[in-house]
Amino acid sequence: MSKYRIALAGNPNTGKSTLFNSLTGLKQHTGNWTGKTVAKAEGTFEHHQQLYTIVDLPGTYSLYSNSADEEVARDYILFERPDVTVVVVDATAMERNLNLALQVMEMTENVVICVNLMDEAKKKGIVINEKKLAESLGVPVVPISARNRKGIINLLDAIEGVVRGQVKLNPYQVQYTKEIEASLKELEPQVASIVGNQFPLRWIALRVLDGDTSFLETIQLRQQQDISHTERRNSAYGKSVNS
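Counting the sequence shown from 1 gives a position; the working numbering is that position plus 15.
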């Protein structure tokens, strides 16, 4: 049975944890992120005989590492590279919530936008055209009501379509001023020379332009840790084979 990893991102109070609980039921466990006091919730669920592990990331308004919650969410998407990042947005506050979705789409193209609280939107006379929104954003958009379990199957089908490569993804990229775009083009090769090409260079260049130069050091440290871990694992494997 295949196993895919899903990250659940979103602003606070979007019903993200309600969706997480609905999907995982009792198949979940909680703790803290390594080296953080931030709570971590992880669980599993099955869909069409495929096993999924889903991580409920801390609720954040951005991924700019201004807080421990933002740093945890940012690092998981960047370093753990989940097969799909589901961004949960509040149907009654789309403009505010889509800011985070756009940031996630700068980091990874494997994104599904989950428009939650559709029942509340209906009460307020708000209509969401998910097909037009999906065309504009270039990723699947699925309306749901997590607490009523409406639209959950459609969401799972969209996730499945992404992990299996059945959905054409073309995430919308914010275009900045000519000056910023010129700076990004100049910075991206420099960033690549420092951290390689396995990370979203445009997004990292944006962070550097925003003054977060320490983030490059974070990436380099993580790379060194990964190399050390691989070397230790290979060394241990070699010993076990030779013994």
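Note that CB positions come from ideal geometry on N, CA and C, so glycine has one too.
A residue is called buried once 16 or more other Cβ atoms fall within 10 Å of its Cβ, and V142, having fewer, is exposed. Contact between Y76 and M120 does not hold, since their C-beta atoms are separated by about 16 angstroms, which reaches or exceeds 8 angstroms. Between A149 and T100, the CB-CB gap reaches or exceeds 8 angstroms. In the same chain as K147, and ignoring 5 residues on each side of it, no C-beta atom comes closer than 7 angstroms to its own. In the DSSP assignment, P158 falls within the unbroken beta strand (DSSP E) covering V156 to P158. Between the stretch 204 to 220 and the stretch 172 to 184 there are fewer than three C-beta pairs closer than 8 angstroms, too few to call the two in contact. Here L170 is buried. Its C-beta has 16 or more other C-beta atoms within 10 Å. DSSP links V101 through a beta bridge to L23 and V127.
Excluding the 5 residues flanking it on each side, N114 has same chain C-beta neighbours closer than 8 angstroms at Y76 and S77, in chain order. Take the alpha-carbon of S151 and the one of A24: they are about 20 angstroms apart. Secondary structure at T59: strand, using DSSP grouped into helix, strand and coil.
In this structure C129 touches V157 by the C-beta definition: roughly 6 angstroms separates them, less than 8 angstroms. Of the candidates T29, A56 and K51, the residue whose Cα lies closest to the Cα of L41 is A56.
Residue nearest to T49 within the set R96, P204, D84 and R162 is D84 (criterion: CA-CA distance). Annotated three-state conformation of Y91 is helix, per DSSP. Cβ-Cβ separation between V182 and P215: approximately 20 angstroms, too far for a contact (criterion under 8 angstroms). The Cβ atoms of L132 and D105 sit closer than 8 angstroms to each other.
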